[in-house]
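A short write-up of the structure that comes next.
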Amino acid sequence: MTSHAILNLSFLQTLVEVLATLAFALSGMLEAARKRLDLVGVYAVAGLAAFGGGTLRDILLDRRPFFWVEHATWLWALLALCTVAMLGLRSRHFELTERAVLWPDALGLGLFSASGTQIALNMQMPAIVAVLMGVITAVVGGVLRDIVCNEIPSVFRDHRPYAVCAFIGTWLLVLAQALNAPDWLGLAAAAGTTVMLRGLALWSDYRLPAWNPDPSPRRKPE
Amino acid sequence: MTSHAILNLSFLQTLVEVLATLAFALSGMLEAARKRLDLVGVYAVAGLAAFGGGTLRDILLDRRPFFWVEHATWLWALLALCTVAMLGLRSRHFELTERAVLWPDALGLGLFSASGTQIALNMQMPAIVAVLMGVITAVVGGVLRDIVCNEIPSVFRDHRPYAVCAFIGTWLLVLAQALNAPDWLGLAAAAGTTVMLRGLALWSDYRLPAWNPDPSPRRKPE
Amino acid sequence: MTSHAILNLSFLQTLVEVLATLAFALSGMLEAARKRLDLVGVYAVAGLAAFGGGTLRDILLDRRPFFWVEHATWLWALLALCTVAMLGLRSRHFELTERAVLWPDALGLGLFSASGTQIALNMQMPAIVAVLMGVITAVVGGVLRDIVCNEIPSVFRDHRPYAVCAFIGTWLLVLAQALNAPDWLGLAAAAGTTVMLRGLALWSDYRLPAWNPDPSPRRKPE
Numbered sequence: 147m148t149s150h151a152i153l154n155l156s157f158l159q160t161l162v163e164v165l166a167t168l169a170f171a172l173s174g175m176l177e178a179a180r181k182r183l184d185l186v187g188v189y190a191v192a193g194l195a196a197f198g199g200g201t202l203r204d205i206l207l208d209r210r211p212f213f214w215v216e217h218a219t220w221l222w223a224l225l226a227l228c229t230v231a232m233l234g235l236r237s238r239h240f241e242l243t244e245r246a247v248l249w250p251d252a253l254g255l256g257l258f259s260a261s262g263t264q265i266a267l268n269m270q271m272p273a274i275v276a277v278l279m280g281v282i283t284a285v286v287g288g289v290l291r292d293i294v295c296n297e298i299p300s301v302f303r304d305h306r307p308y309a310v311c312a313f314i315g316t317w318l319l320v321l322a323q324a325l326n327a328p329d330w331l332g333l334a335a336a337a338g339t340t341v342m343l344r345g346l347a348l349w350s351d352y353r354l355p356a357w358n359p360d361p362s363p364r365r366k367p368e
Numbered sequence: 147m148t149s150h151a152i153l154n155l156s157f158l159q160t161l162v163e164v165l166a167t168l169a170f171a172l173s174g175m176l177e178a179a180r181k182r183l184d185l186v187g188v189y190a191v192a193g194l195a196a197f198g199g200g201t202l203r204d205i206l207l208d209r210r211p212f213f214w215v216e217h218a219t220w221l222w223a224l225l226a227l228c229t230v231a232m233l234g235l236r237s238r239h240f241e242l243t244e245r246a247v248l249w250p251d252a253l254g255l256g257l258f259s260a261s262g263t264q265i266a267l268n269m270q271m272p273a274i275v276a277v278l279m280g281v282i283t284a285v286v287g288g289v290l291r292d293i294v295c296n297e298i299p300s301v302f303r304d305h306r307p308y309a310v311c312a313f314i315g316t317w318l319l320v321l322a323q324a325l326n327a328p329d330w331l332g333l334a335a336a337a338g339t340t341v342m343l344r345g346l347a348l349w350s351d352y353r354l355p356a357w358n359p360d361p362s363p364r365r366k367p368e
Numbered sequence: 147m148t149s150h151a152i153l154n155l156s157f158l159q160t161l162v163e164v165l166a167t168l169a170f171a172l173s174g175m176l177e178a179a180r181k182r183l184d185l186v187g188v189y190a191v192a193g194l195a196a197f198g199g200g201t202l203r204d205i206l207l208d209r210r211p212f213f214w215v216e217h218a219t220w221l222w223a224l225l226a227l228c229t230v231a232m233l234g235l236r237s238r239h240f241e242l243t244e245r246a247v248l249w250p251d252a253l254g255l256g257l258f259s260a261s262g263t264q265i266a267l268n269m270q271m272p273a274i275v276a277v278l279m280g281v282i283t284a285v286v287g288g289v290l291r292d293i294v295c296n297e298i299p300s301v302f303r304d305h306r307p308y309a310v311c312a313f314i315g316t317w318l319l320v321l322a323q324a325l326n327a328p329d330w331l332g333l334a335a336a337a338g339t340t341v342m343l344r345g346l347a348l349w350s351d352y353r354l355p356a357w358n359p360d361p362s363p364r365r366k367p368e
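Chains as they are written, first to last, in our numbering: chain A, 147 to 368; chain B, 147 to 368; chain C, 147 to 368.
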């Protein structure tokens, strides 16, 4: 690959992370507003939703600097986005925003999981670990958002394929690497498949099979 | 110590981590089922319960690779275990499984805490830090499981000796090191004591003294 | 600066961290008692509240050893403090303790956030990242305390200026560095401003502007 192509790929990867980040931040803001958090809570939950997944991936892979340290302007961008959204968003916009966010969020799922897997593969991680790192990158922001807001993470209980789409899609990146295909092809195939699967799931309203063997709640300790 | 003995010790340590891991994963599955999580939630909570403690210990000690990166096949084993358990477990099996799991879990408590303490001692950590690392290794998986499931961690509120057993047992490892006893002896004494104390606590239904000075709940902020 | 001054600064910084740590630990104990946690829970929540913020900062900055590893006696001090407090504190002392803790806590807010920012600046972090690290140092202990106790972190929802004071104050440290002022001056100005702002907020009972655009709770997934 020429250095020009590497530059473009790296630029594309950055662009991708930025777009996904905005959709994730917005999902954090909506949740924070629903829980009536204050100003600090809105910024914090939006930031966690946006940067939490990539940050945990980098901690696990012992990788520095974080995206938001290397590109610190994005912290300013997040502050600005939250402030503008707080001034502009009214409760009647919420449902609309939520539906409008579904698609960039699906894009983010594809792009984040693919880039996370790529990073782990480049560090010689085993295939299943690389795939897991991709899923973590895409999913953990939302998990932390929900934990801070005192909810069971929706990705663990809404029975909609989300993490599953990324889990399937990112294997194409592993396959591409095994076949010595160029990086951009693997990234595009993985991200594309994930986004397509997620789109299909949204469109068909598909539910994951439930495992509900236990009708009785846990007994509380006395 | 001969290289043969080192090999055996390291093999034993791996075997120990594997056994404990299975018991912890099962506790995660039961909790996930009680909370009616979906497929992804069951895998995630089982994984957190199984690998969360050791992973946090390694992050704190800045130690890589993680157990589940070095032995990535165990991620497949976890996926397989969860899938089989989901196909086979019915709600009427739950109470039985919970009781059956108590003993391998006690074994896990002893083995994980001892191996965690040993690792920290090998890195020249102070004694109290090494003991704390042992307790974290054994206990944090269950803590993360409960936090994700939106419960106060049961290890912090069920008034049964659990972390306390590991806290006491692992000091034997510190003692063994101070006396220049061989590693395997310290490990065996620490793990054995912890398992015995936990067994005793289960058998006698002992409760920790309660500290309940406050009859009134906290006032919520307006 | 002479080596003597450096010594004093470093001694002052340690002293500061110790004082703040005690106030934070006490806030953890009170919360643990309110939730009726057992012995282990009281120690754990007090420890998280005391050391959680600095530890997360050090994990993010990839910095070792942690404060509580380098000064492991402080783990003993925490154990002792908790034990004494559990023996001495009665429920009628709670409200008094809570009010008495507000001022050392404000001191801790100023000192922790300033020292956290200083550490990040010394590692050549961008200004906004350094300020964020300062806020994380001061605030995350309380966040973890509340998450473990199954509450939405009060710092994210009580509409009182807390993180905001530290956010403003720590910028003075960035300014001092840009002006090549000595470290102690920047630290004093930042910590002093933060404490003053927090004191002003407590005294005037000021509330942050609310963003409550949504009167309806989120629909639960079926």
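From the three backbone atoms N, C-alpha and C, an ideal C-beta is built for every residue, glycine too.
Check residue i in the structure and name its three-state DSSP category.
{"i": "residue 356/C", "result": "coil"}
{"i": "residue 179/B", "result": "helix"}
{"i": "residue 228/C", "result": "helix"}
{"i": "residue 268/C", "result": "helix"}
{"i": "residue 369/A", "result": "This structure cannot speak to residue 369/A, because chain A is shown only from 147 to 368."}
{"i": "residue 367/C", "result": "At residue 367/C, the pLDDT of 47 sits below 50, so the modelled position is not reliable and the matter cannot be decided from this model."}
{"i": "residue 169/C", "result": "helix"}
{"i": "residue 298/A", "result": "coil"}
{"i": "residue 213/A", "result": "helix"}
{"i": "residue 438/A", "result": "Outside the shown range of chain A (147 to 368) lies residue 438/A, about which nothing can therefore be said."}
{"i": "residue 308/C", "result": "coil"}
{"i": "residue 242/A", "result": "helix"}
{"i": "residue 327/C", "result": "coil"}
{"i": "residue 351/C", "result": "coil"}
Can you name the residues of chain C whose CB is closer than 9 angstroms to the CB of residue i?
{"i": "residue 232/B", "result": "Under the 9 angstroms cutoff, chain C gives no residues; its nearest Cβ is about 20 angstroms from residue 232/B."}
Apart from the five residues on each side of it in sequence, which residues of its chain come closer than 8 angstroms, Cβ to Cβ, to residue i?
{"i": "residue 307/A", "result": "343, 344, 347, 352 and 354"}
{"i": "residue 210/C", "result": "204"}
{"i": "residue 314/A", "result": "339, 340 and 343"}
{"i": "residue 309/A", "result": "281, 284, 285 and 301"}
{"i": "residue 228/A", "result": "171, 175, 188, 189 and 192"}
Give every residue of the same chain whose Cβ lies closer than 6 angstroms to the Cβ of residue i, excluding the five residues on either side of it in the sequence, and list them in chain order.
{"i": "residue 201/A", "result": "212"}
{"i": "residue 221/A", "result": "214"}
{"i": "residue 337/B", "result": "256, 257 and 260"}
{"i": "residue 204/B", "result": "212"}
{"i": "residue 167/B", "result": "196"}
By the criterion of Cβ-Cβ separation under 7 angstroms, what are the contact partners of residue i in chain A?
{"i": "residue 222/B", "result": "274"}
{"i": "residue 293/B", "result": "293"}
Here's a check: name, in chain order, each residue in its chain whose Cβ is nearer than 7 angstroms to the Cβ of residue i, leaving out the five neighbours to either side.
{"i": "residue 147/C", "result": "Summary for residue 147/C: the model assigns pLDDT 44, below 50, so the residue's position carries little reliability, and this model does not support an answer."}
{"i": "residue 199/B", "result": "258, 282, 283, 284, 285, 286 and 287"}
{"i": "residue 323/C", "result": "267 and 332"}
{"i": "residue 289/C", "result": "299 and 301"}
For a contact defined as C-beta to C-beta under 8 angstroms, what are the partners of residue i on chain B?
{"i": "residue 296/A", "result": "296"}
Which residues of chain B have a Cβ atom closer than 7 angstroms to the Cβ of residue i, listed in chain order?
{"i": "residue 218/C", "result": "272, 274 and 275"}
{"i": "residue 265/A", "result": "The contacting residues do not exist; residue 265/A stays about 14 angstroms from chain B at best."}
With respect to the alpha helix (DSSP H) encompassing residue i, which residues constitute its N-terminal and C-terminal limits?
{"i": "residue 237/C", "result": "From DSSP, residue 237/C is part of no alpha helix (DSSP H); its letter is neither H nor E."}
{"i": "residue 218/C", "result": "From DSSP, residue 218/C is part of no alpha helix (DSSP H); its letter is neither H nor E."}
{"i": "residue 303/A", "result": "Counting along the chain, residue 303/A falls outside any alpha helix (DSSP H), and DSSP gives it neither H nor E."}
{"i": "residue 204/B", "result": "185-206"}
Under 9 angstroms Cβ-Cβ, which residues of chain B neighbour residue i?
{"i": "residue 185/A", "result": "None at all; the shortest Cβ gap to chain B is about 14 angstroms."}
Could you name the residues of chain C that residue i contacts, counting a contact when the two beta carbons are closer than 8 angstroms?
{"i": "residue 235/A", "result": "359"}
Against chain F, does residue i count as a neighbour if the rule is that its beta carbon must be under 8 angstroms from one of theirs?
{"i": "residue 190/A", "result": "Included in the structure are the protein chains A, B and C, with no chain F among them."}
Using a cut-off of 8 angstroms between C-beta atoms, extract the partners of residue i located in chain A.
{"i": "residue 215/B", "result": "271, 272 and 275"}
Cβ contact (3+ pairs, closer than 8 angstroms) linking the stretch 235-243 of chain C and the stretch 314-330 of chain C: Counting Cβ pairs under 8 angstroms, fewer than three are found: no touch.
Does the pairing of the stretch 242-250 of chain A with the stretch 162-172 of chain A give three or more beta-carbon distances under 8 angstroms? Touching, per the Cβ criterion.
Is there contact between the stretch 181-195 of chain A and the stretch 281-299 of chain A, where contact requires at least three CB pairs shorter than 8 angstroms? Output reads yes: the stretch 281-299 of chain A touches the stretch 181-195 of chain A.
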